[in-house]
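Here is the structure we will look at, set down as structure tokens.
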Amino acid sequence: MQPTRRHLKVKQYIRPESFQQLQEYDSIVIRKCINRETYTIPEHCKDCPGENGGGVTLTADESKDLDAVMKKEFFNLRASDKISLWRSIPDTRHELCKIVKYPDDLPSASVVIVFKNERWSPVLRTVYSVLNR
-5 MQPTRRHLKV KQYIRPESFQ QLQEYDSIVI RKCINRETYT IPEHCKDCPG ENGGGVTLTA
55 DESKDLDAVM KKEFFNLRAS DKISLWRSIP DTRHELCKIV KYPDDLPSAS VVIVFKNERW
115 SPVLRTVYSV LNR
């Protein structure tokens, strides 16, 4: 099936200039993400909210107007913003899958992340997860 003009309009690409809107995130980390540089998980993130699939606790102040945020975003944006970009996730693979040894010379792969009208914190966590795993 040939992509139509309508399909092409829906596509969004993350460009480096788009990241200028993300002043709350460290510009060095974002540059590393764009340039595909390797980095290690900072020590301070090992006990961060959401680590290893754990929960996030909001303070009373952060919980104010949470219903309005949930109605607008359809998920808990305040909790999402507290989760580290480097957060770990549990390995839920079957035990037999964990012992499979893959060759080092595998072909390269492309990952396409399609999003529209998404908040930055879940999109960036997805990008970091793809680059780090």
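If you count by the working numbering, then the sequence shown holds residues -5 to 127, one letter each, in order.
Yeah, the Cβ is synthetic: ideal placement off N, Cα and C, and Gly gets one too.
Computed from a predicted structure; not experimentally measured.
{"Asked": "Nonlocal neighbours in the same chain, by C-beta distance under 6 Å from Glu112, ignoring five residues either side", "Found": "none"}
{"Asked": "Cutoff 8 Å; reference Asp20; Cβ partners in own chain excluding five residues on either side", "Found": "Here the model assigns Asp20 a pLDDT of 47, short of 50, so the residue's position is not dependable, and the following value carries that caveat. Here the set comprises nothing."}
{"Asked": "Own chain partners of Gly44 with C-beta closer than 6 Å, once the 5 adjacent residues on each side are dropped", "Found": "Val50, Ile77, Arg81"}
{"Asked": "Where the alpha helix (DSSP H) containing Pro101 begins and where it ends", "Found": "No alpha helix (DSSP H) contains Pro101, which DSSP labels as neither H nor E."}
{"Asked": "Close-in-space but distant-in-sequence residues of the same chain around Lys92 (CB under 8 Å, 5 per side omitted)", "Found": "Asp85"}
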